[in-house]
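So the sequences go chain by chain: A and B. Using UniProt numbering, read the first sequence as starting at 1 and increasing by one per residue. Using UniProt numbering, read the second sequence as starting at 1 and increasing by one per residue.
Number of protein chains: 2
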Amino acid sequence: MSRVAAEVEAALEDLLPLTEGAERRVIEAMRYGCLGGGKRMRAFLVMEGARLFNVDRRCAARVGAALEMVHAYSLVHDDLPAMDDDDLRRGKPSCHKAFDEATAILAGDALQTRAFEVLAEADTHSNPEARCELVAALALAAGARGMVGGQMIDMVAEGQVLTAEEITRLQALKTGRLIQFGAEAGAILGRAGPAQRHALAAYGRDLGAAFQIADDVLDQEGTAAELGKTAGKDLAAGKATMVSVLGVARARAQAEMLAAQAARHLESFGAKAGLLRELAAYVVTRRN
Amino acid sequence: MSRVAAEVEAALEDLLPLTEGAERRVIEAMRYGCLGGGKRMRAFLVMEGARLFNVDRRCAARVGAALEMVHAYSLVHDDLPAMDDDDLRRGKPSCHKAFDEATAILAGDALQTRAFEVLAEADTHSNPEARCELVAALALAAGARGMVGGQMIDMVAEGQVLTAEEITRLQALKTGRLIQFGAEAGAILGRAGPAQRHALAAYGRDLGAAFQIADDVLDQEGTAAELGKTAGKDLAAGKATMVSVLGVARARAQAEMLAAQAARHLESFGAKAGLLRELAAYVVTRRN
Numbered sequence: 001m002s003r004v005a006a007e008v009e010a011a012l013e014d015l016l017p018l019t020e021g022a023e024r025r026v027i028e029a030m031r032y033g034c035l036g037g038g039k040r041m042r043a044f045l046v047m048e049g050a051r052l053f054n055v056d057r058r059c060a061a062r063v064g065a066a067l068e069m070v071h072a073y074s075l076v077h078d079d080l081p082a083m084d085d086d087d088l089r090r091g092k093p094s095c096h097k098a099f100d101e102a103t104a105i106l107a108g109d110a111l112q113t114r115a116f117e118v119l120a121e122a123d124t125h126s127n128p129e130a131r132c133e134l135v136a137a138l139a140l141a142a143g144a145r146g147m148v149g150g151q152m153i154d155m156v157a158e159g160q161v162l163t164a165e166e167i168t169r170l171q172a173l174k175t176g177r178l179i180q181f182g183a184e185a186g187a188i189l190g191r192a193g194p195a196q197r198h199a200l201a202a203y204g205r206d207l208g209a210a211f212q213i214a215d216d217v218l219d220q221e222g223t224a225a226e227l228g229k230t231a232g233k234d235l236a237a238g239k240a241t242m243v244s245v246l247g248v249a250r251a252r253a254q255a256e257m258l259a260a261q262a263a264r265h266l267e268s269f270g271a272k273a274g275l276l277r278e279l280a281a282y283v284v285t286r287r288n
Numbered sequence: 001m002s003r004v005a006a007e008v009e010a011a012l013e014d015l016l017p018l019t020e021g022a023e024r025r026v027i028e029a030m031r032y033g034c035l036g037g038g039k040r041m042r043a044f045l046v047m048e049g050a051r052l053f054n055v056d057r058r059c060a061a062r063v064g065a066a067l068e069m070v071h072a073y074s075l076v077h078d079d080l081p082a083m084d085d086d087d088l089r090r091g092k093p094s095c096h097k098a099f100d101e102a103t104a105i106l107a108g109d110a111l112q113t114r115a116f117e118v119l120a121e122a123d124t125h126s127n128p129e130a131r132c133e134l135v136a137a138l139a140l141a142a143g144a145r146g147m148v149g150g151q152m153i154d155m156v157a158e159g160q161v162l163t164a165e166e167i168t169r170l171q172a173l174k175t176g177r178l179i180q181f182g183a184e185a186g187a188i189l190g191r192a193g194p195a196q197r198h199a200l201a202a203y204g205r206d207l208g209a210a211f212q213i214a215d216d217v218l219d220q221e222g223t224a225a226e227l228g229k230t231a232g233k234d235l236a237a238g239k240a241t242m243v244s245v246l247g248v249a250r251a252r253a254q255a256e257m258l259a260a261q262a263a264r265h266l267e268s269f270g271a272k273a274g275l276l277r278e279l280a281a282y283v284v285t286r287r288n
């Protein structure tokens, strides 16, 4: 993962060059929100998925970087005072604290724009049909019926008691869809057949669900120093999570079951999918 | 223009269907920010540009609708308290007043996402190369080196004295680039040659500049009832415009000069570009 993180960091550096002029400030804020942080799990999914189909590594890194830009934009906007109002992100002041609210809004907006630009750009090695499909798939995952829809449900539901089913749907939209896109992107780039693409999508769905439950366990058990963000905030905000419904022990068991199920979707890929299998085990054992 | 406005309205209705579930609220806010308002000048440019190359009208309407979504997203975010803090838009409460700030942030985000999804979607009649090129061109016009960059410059420059050249650059980015995209989109869809595409781009640049200066004159001279938005707000905010630098009379003369120049770029298209020529004359004589 650290090798991929370095490659994606280099791609992001390359794709977000600083310029002169007064618009420089928004590019600085985009870089602040996007560079130098995170495990790059989403990009790792793209890179490892693409490797199954022998996709050019530099091309996959750019698609991974685009996905990380969308993830970063969602964090920048999520942290805003009108949203989750969080001052800490990846162990640093969140974007609107380091800059200001207006700049953080614009930086998030422009990170999203840049992500789609990168996917559509002609200098990738993939064909235009694949690039169009990537844009459409990422938009579906990120939009009102995906990540943004999940954030809306999360806000509407604040303080309400949700069932395990409702929480599962909320989290599938809010964090799951983007992770699923990461798992599928390599198949889109590699023009894989429907069976292989569906196997990776199913892997991404289960991995995303396992990841989110594990994240909720960490939110309750971890410290801010381990997490690099405010700990216990979902609980404090009265947000329903699998931990609040099932308790820590059963939630952890559920995450482990989902991670094992995720790995089983990869059987047809053999040894080449080894790192994707390891990732599934990792997301439920990590401490940050 | 009203015929095109109706067609684009129908396309937007079609592209933003309401759904059930708690995410419905963000779709309602997207529709609120996007439907039932505006002259749809940007979509008109797309439709009339596309007509020059005999592009399927329904396909052009969808591209025009996508451009209007990006325009609407920028207005929803611009009106936020942390940005221009404006309560009135198109004669109605702005999105964050009708809903709330968090919903307006998410709705703007999702409108941008949906715009790129619409451009990339496979059911348009255009080829994938053209769809990719549209995504990349719209992203370039909307991003940190386009509209968002212009908004950043505008905020950084607030209260400062700018030269006419600096204002021209600011406005070319902030409102010009999206208008230029509208003028060029038909040529991209119609796979036009570089000479025709450049002619339309030059028309769009001059039209956008004329439009913005005329808008600044209206902002100073119009009433809120005529404008459907708060009048005199740029002046009150200490924002530099061509009116504050040149005065009303010279600013108006400058806008008329640019509109005439815009129309001249269309000479090679003959009578078929008649409505685009009329639009150039209209933007400098309109009262709202």
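We treat Cβ as the ideally placed atom computed from N, Cα and C, and that holds for glycine. Quick caveat: nothing in here was measured; it's all calculated off a predicted structure.
Review point. Going by C-alpha distance, which of B:Glu221, B:His265, B:Leu106 and B:Lys239 is nearest B:Gln180?
Key: B:His265
Check your understanding: Counting pairs of beta carbons, one from the region 98-112 of chain A and one from the region 36-53 of chain A, are three or more of them closer than 8 Å?
Key -> no
Point to revise | Within 8 Å, strictly: CB atoms of A:Ala273 and A:Leu52 | key: yes
Review point. Since B:Leu80 and B:Ala104 are thought to touch, with beta carbons under 8 Å apart, how far apart are those beta carbons, to the nearest angstrom?
Key: 6 Å
Practice item. Label B:Gly159 either buried or exposed according to how many other C-beta atoms from any shown protein chain fall within 10 Å of its C-beta, with 16 as the threshold for buried. Key: exposed
Check your understanding: So is B:Ile153 in contact with chain A if we call contact Cβ pairs under 8 Å?
Key -> yes
**Study point:** Same chain, Cβ closer than 8 Å to B:Leu173, five either side skipped, listed in chain order
**Key:** Arg145, Gly146, Met147, Gly149, Gly150 and Ile153
**Study point:** Three-way DSSP call (helix, strand, coil) for A:Val3 in this model
**Key:** Position check: residue 3 of chain A holds Arg in this sequence, whereas Val was assumed. A:Arg3: helix per DSSP, three-state reduction.
Exercise for review: Compare the beta carbon distance of B:Glu101 and A:Ala82 with 8 Å and say whether it is the shorter of the two.
Suggested key: yes
Review point. Whose C-beta lies closer than 7 Å to the C-beta of A:Ala251 among residues of the same chain, with five residues either side of it excluded?
Key: Ile213, Asp216, Val217, Met242 and Val243
Review point. Quick one: what's A:Pro93 bridged to in DSSP?
Key: A:Leu88
Exercise for review: Throw me the rounded Cβ distance for the A:Ala65 and A:Leu12 pair, which I believe falls under 8 Å.
Suggested key: 5 Å
Check your understanding: Name the chain B residues that come within less than 8 Å of A:Arg145, Cβ to Cβ?
Key -> Thr19 and Glu23
Review point. Taking one C-beta from the region 179-195 of chain B and one from the region 129-143 of chain A each time, how about it: are there three or more such pairs within less than 8 Å?
Key: no
Review point. In chain B, what lies closer than 7 Å to A:Phe116 by C-beta?
Key: Phe116, Val135 and Ala139
Exercise for review: Check the Cβ of A:Leu12 against every Cβ in chain B and list those closer than 8 Å, keeping chain order.
Suggested key: Under the 8 Å cutoff, chain B gives no residues; its nearest Cβ is about 14 Å from A:Leu12.
Review point. For residue 289 of chain B versus B:Gly186, is the C-beta distance shorter than 8 Å?
Key: Residue 289 of chain B falls outside the range modelled here, since chain B spans only 1 to 288, and no answer is possible.
Point to revise | B:Arg250, DSSP secondary structure in three states | key: helix
**Study point:** Under 8 Å between C-beta atoms of A:Ile167 and A:Val245
**Key:** yes
Point to revise | B:Ala72 to A:Gly21 span [Cα, whole Å] | key: 26 Å
Review point. Would B:Ile27 count as contacting chain A if we go by Cβ distances under 8 Å?
Key: yes
Exercise for review: Assign B:Ala120 to one of two classes, buried (16 or more other C-beta atoms within 10 Å of its C-beta) or exposed (fewer than that).
Suggested key: buried
Exercise for review: Express the C-alpha separation of A:Ala260 and A:Thr285 in angstroms, rounding to a whole number.
Suggested key: 12 Å
Practice item. Mind listing the chain A neighbours of B:Ile105? Cutoff is C-beta to C-beta under 8 Å, in chain order. Key: His77, Leu80, Ala82, Met83 and Ile105
Review point. By the criterion of Cβ-Cβ separation under 9 Å, what are the contact partners of B:Met257 in chain C?
Key: Protein chains A and B are contained in the structure displayed, whereas chain C is not.
Review point. Can you list, in chain order, the residues of its chain whose CB lies under 8 Å from that of A:Gly143, leaving out five sequence neighbours each side?
Key: Gly149
Review point. Taking DSSP as the reference, what is the three-state secondary structure of A:His77?
Key: helix
Point to revise | Buried versus exposed, by CB contacts within 10 Å (16 or more), B:Asp78 | key: buried
Review point. Are A:Ala209 and A:Leu162 touching if we call contact CB-CB under 8 Å?
Key: no
Review point. What does a CB cutoff of less than 8 Å around B:Val63 pick up in its chain, not counting 5 residues either side in sequence?
Key: Val46, Ala50, Val118, Leu119, Thr124, Leu134, Ala185 and Leu189
Practice item. Would you identify the three-state DSSP class for B:Glu28, choosing helix, strand or coil? Key: helix
Practice item. Would you mind sorting B:Leu18 into buried or exposed? The rule is 16 or more other CB atoms within 10 Å of its CB. Key: exposed
Exercise for review: Could you say which of B:Leu207, B:Ala240 and B:Ala249 lies nearest to B:Glu278 if we only look at CA atoms?
Suggested key: B:Leu207
Check your understanding: At a Cβ threshold of 8 Å, is B:Gly208 touching chain A?
Key -> no
**Study point:** Pairwise C-alpha distance: A:Ala240 and A:Pro93
**Key:** 26 Å
Review point. Where do the N-terminal and C-terminal ends of the alpha helix (DSSP H) with B:Arg42 fall, by residue?
Key: Met41 to Leu52
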